[in-house]
Each structure stands twice: as C-alpha cells, then as structure tokens.
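In the numbering used here, the protein residues as written are 1259 to 1470. No residue lacks a Cβ here, since even glycine has one placed at the ideal position from N, Cα and C. Computed from a prediction, not measured in an experiment: that's the story for all the values here.
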Ligand code: MD3
Ligand code: FE
C-alpha cells in the first residue's frame, strides 16, 4: 500500500453513482478546518426561511461564485449573501483540491465546483427528505464533507416513498453523489448533542456543487 492509499483507506459504493470515502478529508484537516472557521467568523451562518414560511433549523453560509439561498420566492443560487448583499468569498484552493480529488476517486474527472454551501447543525437540527434540483447540470456530481459531531444521513431513492438507508457520517468523511443517485431523496436525522475537539457542539457539512 502506498502512502496515499494508507491515509485514505477505502471507498464504499452506497448506491448507483454514490461513493462514501470514510476519513477522506482527514489528511487535509489541518488546512481545511482553519479555513472553514475563518469563513464562518467573517460570514456567520444564518437561518434561512423555506418558501413555505418555515425557519430552517440548520444555519447556512456559502463560498464561491454562487451561494444557495431560500426565501419566499423559492430556492436558488445567488452571487451575494442575502443578509449583507455582499458577494460570497471565492472557494479556497484546499477545498477545490479536496473536491476534485474526491470526485476523481469516485470516477468524475475535472470536477470544478462554483458553490460550497456550509450547513451548521446545532444539537437537534435536522434536514428533512428532499432532492437537490436547483442546479443547472445534473450530470455534475455533488461532493459533501462532514465535520465535527457525527450524524445519521438518510439516503432514499428516486421516489420520496423509497425507504431511506441510514449512513453514519463522521468527522472527515466525504461522499460523492453522481449518476442516478444525484437525484435521490436524502436528509439528516436530528444531530445528537456532544462535543467535538474542533467544532465544539455542532456538525458542519460542506456541500460542493457546480450550480451555474
Ligand atoms: C444525495 N445537505 O444541503 S450533504 C443539502 O449533511 C444537503 O448538510 C446534507 O442535503 C447535509 O442539500 C447532506 C450530502 C448530500 C448532498 C447532496 C445530495 C447528499 C446528496 C444530492 C443527491 C443525493
Ligand atoms: Fe440536499
């Protein structure tokens, strides 16, 4: 086993086109975490409102040319932070590199995301079953990076009624969602209280997308 394989041990196929890479972000964590922490200080995560008028339990912030937004008009992407009207900062090299390497490992070459949604889950926060369909090109995969407290990820199928499989995601895990799984329903169970040495009392998820 070479050094690279040793540090990044395995990939697990969880559905057609979906690939779980446990611990894949750990070798880069020394550079990744300070970068996320600094971003969240400068661009504090906010609760968005769903188009139906509910406040989301998860708090969000973004990096990149486009940030995911939700308001009474619907879901979509915006080049500016709606709470400040200021452009989101560019995607840092360490995040672009990690996303491209993970996508490559899952068989998607040349992945260049233009959006990184940062979801911050305090204990009890959850995300209901939904599909990601606000992006232009569904042939582009999505890469997610989990940080901090663990969470149970719910991974369904192409129909809302498909029974979800539970995936225990931990700090440093990366999942690449492409192919058929790109349109599958998914969500996150309520995060259990705890303390993580880097993030403290929360789970943070980075979702990297080619949105535009
Ligand atoms: C499976 N976030 O922001 S990331 C989201 O942990 C979102 O914060 C979750 O779902 C989180 O939209 C899950 C993993 C993820 C992202 C996109 C997917 C899984 C996906 C798209 C299709 C299938
Ligand atoms: Fe999603």
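Residue environment, residue i, which counts as buried when at least 16 other CB atoms sit within 10 Å
i            : result
residue 1310 : exposed
residue 1331 : exposed
residue 1360 : buried
residue 1403 : buried
residue 1382 : exposed
residue 1443 : buried
residue 1280 : buried
residue 1400 : buried
residue 1259 : For residue 1259, the predicted structure reports a pLDDT of 47, less than 50, and the residue's modelled location is therefore unreliable. The matter cannot be settled from this model.
residue 1457 : buried
residue 1299 : exposed
Residues bridged to residue i [DSSP beta-bridge criterion]
i            : result
residue 1462 : 1378 and 1405
residue 1426 : 1410
residue 1271 : 1277
residue 1449 : The partner list for residue 1449 (beta bridge, DSSP) is empty, contrary to what the question assumes.
residue 1439 : Partner(s): none; residue 1439 has no beta bridge.
residue 1316 : According to DSSP, which records beta bridges pairwise, residue 1316 is partnered with nothing at all.
residue 1418 : DSSP lists no partner for residue 1418.
residue 1321 : 1374
residue 1310 : Partner(s): none; residue 1310 has no beta bridge.
Below-7 Å beta-carbon distance, residue i vs any chain D residue
i            : result
residue 1382 : Here chain D cannot be found, since the structure has a single protein chain.
Take every Cβ of the stretch 1423-1431, pair it with every Cβ of the stretch 1357-1376, and state whether three or more of those distances are shorter than 8 Å. No, they do not touch.
Using only Cβ atoms and a threshold of 5 Å, which residues come within that distance of a heavy atom of ligand 1? Order them by chain position. Counting only beta-carbon distances shorter than 5 Å to the non-hydrogen atoms of ligand 1, the qualifying residues in chain order are 1377, 1390, 1400, 1402, 1435, 1442, 1444, 1446, 1463 and 1465.
Enumerated in chain order, which unbroken segments of the beta strand (DSSP E) with a length of 3 residues or greater are wholly contained in the stretch 1328-1400? For the stretch 1328-1400, whole beta strand (DSSP E) runs of length 3 or above, ordered along the chain, are 1332-1336, 1373-1379 and 1385-1388.
Completely contained alpha helix (DSSP H) runs for the stretch 1274-1301, where each covers 4 or more residues: Fully enclosed alpha helix (DSSP H) runs of 4 or longer: 1287-1300.
Assess, as a yes-or-no matter, whether the stretch 1348-1355 is touched by the stretch 1284-1299 under the definition of 3 or more beta carbon pairs within less than 8 Å. Inter-segment contact for the stretch 1284-1299 and the stretch 1348-1355 is present: three or more beta-carbon pairs are separated by less than 8 Å.
When the Cβ atoms of the stretch 1452-1463 are set against those of the stretch 1405-1416, are three or more pairs found closer than 8 Å? Inter-segment contact for the stretch 1452-1463 and the stretch 1405-1416 is present: three or more beta-carbon pairs are separated by less than 8 Å.
Do three or more CB pairs link the stretch 1266-1277 to the stretch 1340-1351 at distances below 8 Å? With a cut-off of 8 Å, the stretch 1340-1351 and the stretch 1266-1277 do not count as touching, because too few Cβ pairs lie within range.
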